[in-house]
Amino acid sequence: MRWHYENIDYTQINRETIKNQEFLFYLITSASFIEITSDVYEKNLVTFYKGDEETIRWLENTWEPEELQHGKALKKFVNTVWPEFDWEKTYKRFLDLYLPHCTLDEFQPTRAREMLARMVVETGTSTFYKALENYSKDLDTPILAQIAHNISKDEVYHYDMFEEVFKKYDKEEKLGRDDIIKVIYDRLKMIDGEDGRLSFKAIYEEKTGKSFEDSLYEEHKANVRQFAKKYYPYNMAIRMLLRPLKLNKTVENISVPVIKGALKVIGI
Ligand SMILES: [Fe+2]
Ligand SMILES: [Fe+2]
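Counting in the numbering used here, the sequence shown runs from 136 upward without gaps.
Right, dumping it as structure tokens:
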């Protein structure tokens, strides 16, 4: 691993400046839940790529430990800043809600397509943590900025590795541009999926003792849009999403601002 969360000095966090940042609390706690559940995805991926020992070794020995470390680093941050919050108990509540959704049915129909879907997920995570890094700097929270920076780099590396596996399978599957766009589009629609909603629900109910309502999550998503507007690295996201299409540089340079505009229109 390129970094170790045990080496981060959590005692340097200035709790007083951020403990009332409720939006930040939801963002980080939710991310910690999803990251720490990576062992479930890892097992599903290993089943899906059965027989591909090289990919399985990488998933087991590198990808999963790195994703789990992301979860542990964020969990420790939550426990340091909001010690009154019962992370363990809330995580159990989240797992009960979420595990039934983690099945192989969610996978793409072929190995190359599933790798493309994984590249979309890693695009989502690497850019989310880049946005979190930018936000942390504004909140004057350098420890969180450092954690988010490290995680974002790992996610870009995961994207690169999944791209290698995609290329390997695409030699046989030979997906056309339309197929590639369809997988990317379908996976993008799933990014605003059950994991985010259910983690919000679990956290809200545990924290407030009240029952969850969809309108609360809509409100949270409106806050996420505000956060994205200010901090999200749109160009980085679009370039990563376009990469499998192997556009030439001129087309890519023309496409980026067009897609960026389109994403803003539909509220991403
Ligand atoms: Fe991660
Ligand atoms: Fe990742």
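Even glycine gets a Cβ: it sits at the ideal position worked out from N, Cα and C.
Contacting residues, own chain, Cβ-Cβ under 6 Å from T164 (five flanking each side not counted):
V213, I338
Exposed or buried, which one is I389 when buried takes at least 16 other CB atoms within 10 Å?
exposed
Do L279 and S287 come within 8 Å of each other at the CB atom, strictly closer than that value?
no
Verify whether the separation of the beta carbon atoms of E257 and F297 is less than 8 Å.
yes
Check whether the Cβ atoms of P379 and L251 sit closer than 8 Å, and answer yes or no.
yes
Neighbour-count burial assignment, T350, 16 or more Cβ in a 10 Å radius:
Looking at the sequence provided, one finds Ser at residue 350 rather than Thr. S350 comes out exposed.
Is the separation between the beta-carbon of K265 and that of M371 shorter than 8 Å?
yes
For my contact list, R322 and V255 are in at a C-beta cut-off of 8 Å; report their separation, rounded to the angstrom.
4 Å
Mind checking T172: buried by the 16 CB within 10 Å criterion, or exposed?
buried
Quick check: what's the CA-CA separation for T276 versus N383?
40 Å
Does the distance between the C-beta of E257 and the nearest non-hydrogen atom of ligand 2 fall short of 7 Å?
yes
So for R150, helix, strand or coil by DSSP?
helix
Quick one, which of I169, P368, R312, I148 has its alpha-carbon nearest K404's?
The requested residue 404 does not occur in the structure, where the chain is confined to residues 136 to 403.
Spatial neighbours of V181 in its chain, beta-carbon cut-off 8 Å, leaving aside the 5 residues before and after:
I191, L194, E195
Write down the C-beta distance between F335 and Y161 rounded to the nearest angstrom, noting that I regard them as a contact closer than 8 Å.
6 Å
Please classify R137: does DSSP put it in a helix, a strand, or coil?
coil
The alpha helix (DSSP H) with Y367 in it runs from where to where?
Careful: Y367 lies outside any alpha helix (DSSP H) and carries neither H nor E.
Please report the residue range of the alpha helix (DSSP H) in which T190 lies.
188-193
Give the C-beta separation of A208 and I315 to the nearest angstrom, bearing in mind that I take them to be a contact with Cβ-Cβ under 8 Å.
No, A208 and I315 are not in contact; Cβ-Cβ is about 33 Å, not under 8 Å.
Burial state of G311, where buried means 16 or more other Cβ atoms lie within 10 Å
exposed
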